[in-house]
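A.B. asks: The opening position of the sequence shown corresponds to residue 1 in UniProt numbering, with each subsequent residue numbered one higher. Just so you know, even glycine gets a beta-carbon here, dropped at the ideal spot from N, CA and C. Every value quoted in this text rests on a predicted model; they were computed, and no experiment measured them. To start, I am sharing the structure in question, which I have written as structure tokens.
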Amino acid sequence: MTYRPNAKPPASAKLPTELLGEVFQYLPPRQKARVCRLCKAARVEAERTLYTCVDAPWGRESGIALLRTIANVPRIAEKIEAFHLQVSPWMLSVLDLVASAFTQLVNLTDLTVVFQAHSTHLAEMPIQRLFQTLHAAPFRLSRLSLLGFRFADTLPLLHSQPDILDWTHTEGEVLNSPPSDLLPRVEVVHIHPHLIRAFASSRPISRMRIPFGQENEGPSVFSVIESLSKFRRTLRVLDLERRFSVLESTRTSEVLTKLAETLPNLHVLVLSDQRLGLIPLSRDHADTVDDILTAISQFTRLKSILLHRPDFNHRFSTWYRLWRGRVCDEIGDLFMAACPSLNLVAIPANQTSYDYVGFERMADEELHTVTLDRNFIRLAWRTM
């Protein structure tokens, strides 16, 4: 066949738009943008894959260019379903443009906004105006992640978005008078422990992640767990992270016992115990292996338990005692024997490994070993 560079391709060479979309998913954003400029026939699918999920750039020039495109080209703005924005110092001078861009995001359902409150460049950022802009936008969100903001500043936006199903807010503050009608349909939450009180009544929450730190551990851990009782009918998956708390005195076994009492319908528990920090736990505040197994035995409907690898290992830590003189198969057997309802135990492959091994209980009661990706543990509370 003779190659003719100026010849038009036959009709059979045209790819269907569905296939174009699959191809464009593997192109980096810059190449997708190049396709949009150079190939009108493929522009529709290239734009769809480029703009469906947008991570706004940090730089001033590229950031302003994106905001102008969204504000001035409705065809592109209508394609955006997910938007990730990190508040940058240059936005102080273009707040009107930010407002114009958000006004065009009519089909947005997934929004993440990150604010580095410790940055001196952002000290004068009019946060209230930013949230007024978001409050006035026409979108209806199903997922909202707000990182670095005061909860009180976000309330107008939360009240204006009753369809949110997935909510993340990691900054904490004491709530003296919790709102009564916040997020009535929310099902998945990743929030600071203090914000449990943001729900004055039950919500259909099925998945929850709570990171405990030094400022909210100690006696308050029990009060937080007690406040979860309003979700006992629907809550099935809980990720509990206890990190860097050098002053707290609540044993992990006591926390597990309280969880079993408060959440009898819990199916999946992801547990991370990172409490050593700079000061080791004392012998009085450390659990024995028997303490942990006795606590786990009190769960009657728990199907899966996943243990995160801690970043450190001390001879008084629960982690150290669990692994001392044992291999992972023995640990899997101990957990399965302690809690007959368990079908899956996931733990690191060994005492220092970042890889995970899962033990599944088969129909004949034999344990089947499976290798797990480390991201499986990190995302288990959302995916299981």
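1) Please go through the same chain and pick out, in chain order, the residues whose beta-carbon is closer than 6 angstroms to the beta-carbon of residue 268, but skip the five residues on each side of it.
2) Kindly indicate which three-state DSSP category residue 356 falls into: helix, strand or coil?
3) What are the start and end residues of each continuous beta strand (DSSP E) run of 3 or more residues lying completely inside the region 307-344, in chain order?
4) Check each candidate in 318, 377 and 364 and name the one with the smallest Cα separation from residue 354.
5) For the candidate residues 105, 59, 62 and 309, whose alpha-carbon lies nearest to that of residue 74?
6) Tell me the rounded alpha-carbon separation between residue 373 and residue 380.
7) Is the separation between the beta-carbon of residue 108 and that of residue 139 shorter than 8 angstroms?
8) Under DSSP, the alpha helix (DSSP H) around residue 191 begins and ends at which residues?
9) Flag this pair as yes or no: are the beta carbons of residue 224 and residue 205 separated by less than 8 angstroms?
10) Which partner residues of residue 82 appear in the DSSP bridge assignment?
11) For the alpha helix (DSSP H) containing residue 259, name the first residue and the last one.
12) Would you list the one or two residues that DSSP bridges to residue 211?
13) Assign residue 363 to one of two classes, buried (16 or more other C-beta atoms within 10 Å of its C-beta) or exposed (fewer than that).
14) What residues match up with residue 273 in a beta bridge as DSSP calls it?
15) I'd like the list of long-range same chain contacts for residue 300, defined as Cβ closer than 7 angstroms, with 5 residues on each side in sequence excluded.
16) Taking 6 angstroms as the limit between beta carbons, can you name the residues of its chain near residue 70, skipping five residues before and five after?
17) Look at residue 288 and residue 273 and say whether their C-beta atoms are less than 8 angstroms apart.
18) Apply the 10 Å Cβ neighbour rule to residue 278 and answer buried if 16 or more other Cβ atoms are within range, or exposed otherwise.
19) To the nearest whole angstrom, what separates the beta carbons of residue 262 and residue 228, a pair I think is in contact under 8 angstroms?
20) Can you round the beta-carbon distance between residue 159 and residue 172 to whole angstroms, since I take them to be within the 8 angstroms contact cut?
21) Use the C-beta contact count for residue 250: other C-beta atoms within 10 angstroms, 16 or more gives buried, fewer gives exposed.
22) DSSP has residue 305 in a bridge; who is on the other side?
23) Grab the span of the alpha helix (DSSP H) containing residue 68 for me, first residue to last.
24) For residue 317, count neighbouring C-beta atoms within 10 Å of its own C-beta (all shown protein chains included) and say buried if the count is 16 or more, exposed if not.
25) In this structure, does DSSP put residue 141 in helix, strand or coil?
26) Buried or exposed: which applies to residue 161, given that a residue is buried once 16 or more other Cβ atoms fall within 10 Å of its Cβ?
C.D. replies: Walking through what the data contain:
1) Residue mapping note: residue 268 aligns to position 268 of the sequence shown, counting from 1. The answer, listed in chain order, is 237, 304 and 384.
2) Taking the sequence shown and counting its residues from 1, the one referred to as residue 356 is at position 356. Strand, per DSSP.
3) none
4) Taking the sequence shown and counting its residues from 1, the one referred to as residue 354 is at position 354. Among 318, 377 and 364, the Cα nearest to that of residue 354 is on 377.
5) Taking the sequence shown and counting its residues from 1, one reaches residue 74 at position 74. Ranking 105, 59, 62 and 309 by Cα distance to residue 74 puts 105 first.
6) Indexing the sequence shown from 1 puts residue 373 at position 373. Indexing the sequence shown from 1 puts residue 380 at position 380. Going from the Cα of residue 373 to the Cα of residue 380 covers about 11 angstroms.
7) Counting from one through the sequence shown, the residue named residue 108 turns up at place 108. Counting from one through the sequence shown, the residue named residue 139 turns up at place 139. Their beta carbons are under 8 angstroms apart, which means residue 108 touches residue 139 by this criterion.
8) One-based indexing of the sequence shown puts residue 191 at position 191. No alpha helix (DSSP H) holds residue 191; the beta strand (DSSP E) holding it covers 188-191.
9) For the purposes of this step, residue 224 is taken as residue 224 along the sequence shown, with counting starting at 1. For the purposes of this step, residue 205 is taken as residue 205 along the sequence shown, with counting starting at 1. Cβ distance not < 8 angstroms, so residue 224 and residue 205 don't count as in contact.
10) The count along the sequence shown starts at 1 and reaches residue 82 at position 82. DSSP output for residue 82 lists 53 and 110 as bridge partner(s).
11) The residue given as residue 259 occupies position 259 in the sequence shown. It spans 252-262 - the alpha helix (DSSP H) in which residue 259 sits, taken as one unbroken run.
12) By one-based count along the sequence shown, residue 211 stands at place 211. 241, per the DSSP bridge assignment.
13) Taking the first residue of the sequence shown as 1, we reach residue 363 at position 363. The residue is exposed, with fewer than 16 neighbouring Cβ atoms inside 10 Å.
14) Locating residue 273 in the sequence shown gives position 273, where the first residue counts as 1. Paired residue(s): 242.
15) Here residue 300 corresponds to residue number 300 of the sequence shown, with the count starting at 1. Excluding positions up to five away in sequence, the list reads 264 and 341.
16) Residue 70 sits at position 70 when you count from the first residue of the sequence shown. Cβ neighbours of residue 70 beyond the five flanking positions: 77, 101 and 104.
17) Sequence index remark: in the sequence shown, residue 288 carries index 288 (1-based). Sequence index remark: in the sequence shown, residue 273 carries index 273 (1-based). Contact: no.
18) As a working note, residue 278 is residue 278 in the sequence shown. Residue placement at residue 278 is poorly supported in this model, since its pLDDT is 48, which falls under 50; the coordinates still yield a value, given next. Burial call: exposed.
19) As a first step, residue 262 is located in the sequence shown; it is residue number 262 there, counting from the start. As a first step, residue 228 is located in the sequence shown; it is residue number 228 there, counting from the start. Separation of the CB atoms of residue 262 and residue 228 is rounded to 6 angstroms, and the pair is thereby assigned contact status at 8 angstroms.
20) Translated into positions along the sequence shown, residue 159 becomes position 159. Translated into positions along the sequence shown, residue 172 becomes position 172. No, residue 159 and residue 172 are not in contact; Cβ-Cβ is about 20 angstroms, not under 8 angstroms.
21) Position 250 of the sequence shown, counted from the start, is the residue given in the question as residue 250. It is buried - the Cβ of residue 250 has at least 16 other Cβ atoms within 10 Å.
22) Residue mapping note: residue 305 aligns to position 305 of the sequence shown, counting from 1. According to DSSP, residue 305 bridges with 269 and 345.
23) The count along the sequence shown starts at 1 and reaches residue 68 at position 68. It spans 60-72 - the alpha helix (DSSP H) in which residue 68 sits, taken as one unbroken run.
24) As a position in the sequence shown, residue 317 is number 317, starting the count at 1. By the 10 Å Cβ count, residue 317 comes out buried.
25) The residue given as residue 141 occupies position 141 in the sequence shown. Residue 141 falls in the coil class under three-state DSSP.
26) Translated into the one-based positions of the sequence shown, residue 161 becomes position 161. Counting Cβ neighbours within 10 Å, residue 161 comes out buried, since at least 16 surround it.
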